[in-house]
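In what follows, a single structure is set out as structure tokens and then discussed.
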Amino acid sequence: MSEMPTPVLEPTLFQQRLLAWYDRAGRHDLPWQCQRTPYRVWVSEIMLQQTQVTTVIPYFERFMARFPTLGALAEATQDEVLHLWTGLGYYARGRNLHKAARQVVAEHGGELPVASLEAMAELPGIGRSTAGAIIAQSTGQRAVILDGNVKRSLARLHAVEGWPGRPVVERQLWALAEHYTPEQRVADYTQAVMDLGATLCRRGTPECSRCPFADVCVAHFRGEERRFPESKPKKALPTRTTLMLVLRDAEGRVLLEQRPPSGLWGGLWGLPQFDDLAALRGWLDVHAPGAAIDPAWPAFSHTFSHFRLDITPQPARIGRLDAVGEARCWYDPGNPERIGLAAPVKALLASLAPFALAAPAGP
DNA sequence: AAGGCGGGGCT
DNA sequence: AGCCCAGCCTT
């Protein structure tokens, strides 16, 4: 428990405040809140994964009308189940629900094993949080939940740093959720803690003025509600490498090529690009025989939305070269033409003194 | 147009 | 263990 952040309130105080708010302002008439059977709560919890309450309600009603009991669901075909799922998305949820219903009939006598968190979490589509939610809401046994709403509220309340997808962060949040969960009124508590995140402690625009925890919330105290929970780190962009040939003639002009009309830098002018030095040499042998290759300049990188390009400028010299062929031109860095240049090429060319043959400072 | 979301499957 | 995915919705 040493990995738990310092709680902002004693559990009993936390529960009192939350339940008082819930009694006053929470949601009490959701379809799965009447006849809170394990089956109905289960179906609602699966539908509520990744999906908001207002979207779920009509699907839940139709589903219950067609499959009023777990047995009815188990006897249905997968096609019937998926038909009722159409439009809800994440269809694996529907397939797992159906599979789990048959598993419950086969292995648990047709009753959800709500006495055991572990047995519940072994059913397909039910993980730790969903198992806790079903147990707490349908039996009133103490069980802990940690869905996205609860994660957000707890992360703000305690200013928990780090993306909740990281195991260390998730462990802290589970420890807090565990700490605050009561023994009494567990079903209401569970609904309340989810309602708080869904209706008040929203992702974009939290309504702190109505929050029963505004006076103890660390993120609110710092004015940093929006910073918590931290978002998933952007994955490192894949890196590609390329050689760019900086072929200069005796007057210091640089050979450019026009790129294909579509794709990256489509239609722009750029330096001839090669995957490796051998390819560059082969190209010079054909198009600029007699060119002298100089030591490469320091690489620099250019970042696109979807990858990073490491560019190594490869200088070379040739005395004179008249016929450069189609879609090529000699470009005078000291007297630039008005043509479209890819950004890193433009920077590279701008760094070239008209007759400098040594490495430039770089773009 | 981008990012969030709970669990499962794959590496 | 960590990464990636699913599909719709909100921002």
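Quick note, the first sequence lines up with residues 17 to 379 if you use this note's numbering.
Think of the CB as a built atom: it goes at the ideal place given N, C-alpha and C, for glycine as much as any other residue.
Would you give the residue range spanned by the alpha helix (DSSP H) that residue i belongs to?
{"i": "aspartate 95", "result": "94-101"}
{"i": "alanine 122", "result": "107-124"}
{"i": "glutamate 91", "result": "86-91"}
{"i": "tryptophan 16", "result": "Only positions 17 to 379 of the chain appear in the structure, and residue 16 is not among them; the question remains open."}
{"i": "glutamate 61", "result": "54-64"}
{"i": "glutamate 134", "result": "133-137"}
{"i": "aspartate 163", "result": "Neither: aspartate 163 is in no alpha helix (DSSP H) and is coded neither H nor E."}
{"i": "glutamine 31", "result": "27-41"}
Hey, quick one: how far does the beta strand (DSSP E) through residue i stretch, first residue to last?
{"i": "tyrosine 75", "result": "Where tyrosine 75 is concerned, there is no enclosing beta strand (DSSP E), although the alpha helix (DSSP H) it sits in stretches over 69-82."}
{"i": "tryptophan 346", "result": "344-347"}
Under three-state DSSP, which class holds residue i?
{"i": "leucine 261", "result": "strand"}
{"i": "leucine 388", "result": "Only positions 17 to 379 of the chain appear in this structure, which leaves residue 388 out of reach."}
{"i": "glutamine 200", "result": "coil"}
{"i": "aspartate 211", "result": "helix"}
{"i": "isoleucine 151", "result": "helix"}
{"i": "proline 47", "result": "helix"}
{"i": "lysine 167", "result": "helix"}
{"i": "alanine 191", "result": "helix"}
{"i": "alanine 363", "result": "helix"}
{"i": "arginine 144", "result": "helix"}
{"i": "leucine 368", "result": "coil"}
{"i": "arginine 172", "result": "helix"}
{"i": "glutamate 19", "result": "coil"}
{"i": "valine 24", "result": "coil"}
For residue i, list the residues DSSP reports as bridge partners.
{"i": "threonine 255", "result": "Arg324"}
{"i": "leucine 271", "result": "Trp346"}
{"i": "leucine 357", "result": "Trp285"}
Assuming residue i and residue j make a contact with CB atoms under 8 angstroms, what is their CB distance in whole Å?
{"i": "glycine 356", "j": "aspartate 211", "result": "Contact flag wrong, Cβ pair sits at about 55 angstroms."}
{"i": "proline 331", "j": "valine 262", "result": "5 angstroms"}
{"i": "cysteine 217", "j": "serine 145", "result": "At roughly 17 angstroms, the Cβ-Cβ gap does not stay under 8 angstroms, so cysteine 217 and serine 145 are not in contact."}
{"i": "glycine 125", "j": "glycine 87", "result": "About 11 angstroms; that fails the 8 angstroms criterion."}
{"i": "alanine 135", "j": "glycine 143", "result": "The Cβ separation is near 13 angstroms, so there is no contact."}
_Complete alpha helix (DSSP H) runs within the stretch 276-336 (minimum length 4 residues, chain order)_ = Contiguous alpha helix (DSSP H) elements confined to the stretch 276-336 occur at 293-303, taking only those with 4 or more residues.
_Runs of beta strand (DSSP E) lying entirely within the stretch 217-245, each at least 3 residues, in chain order_ = none
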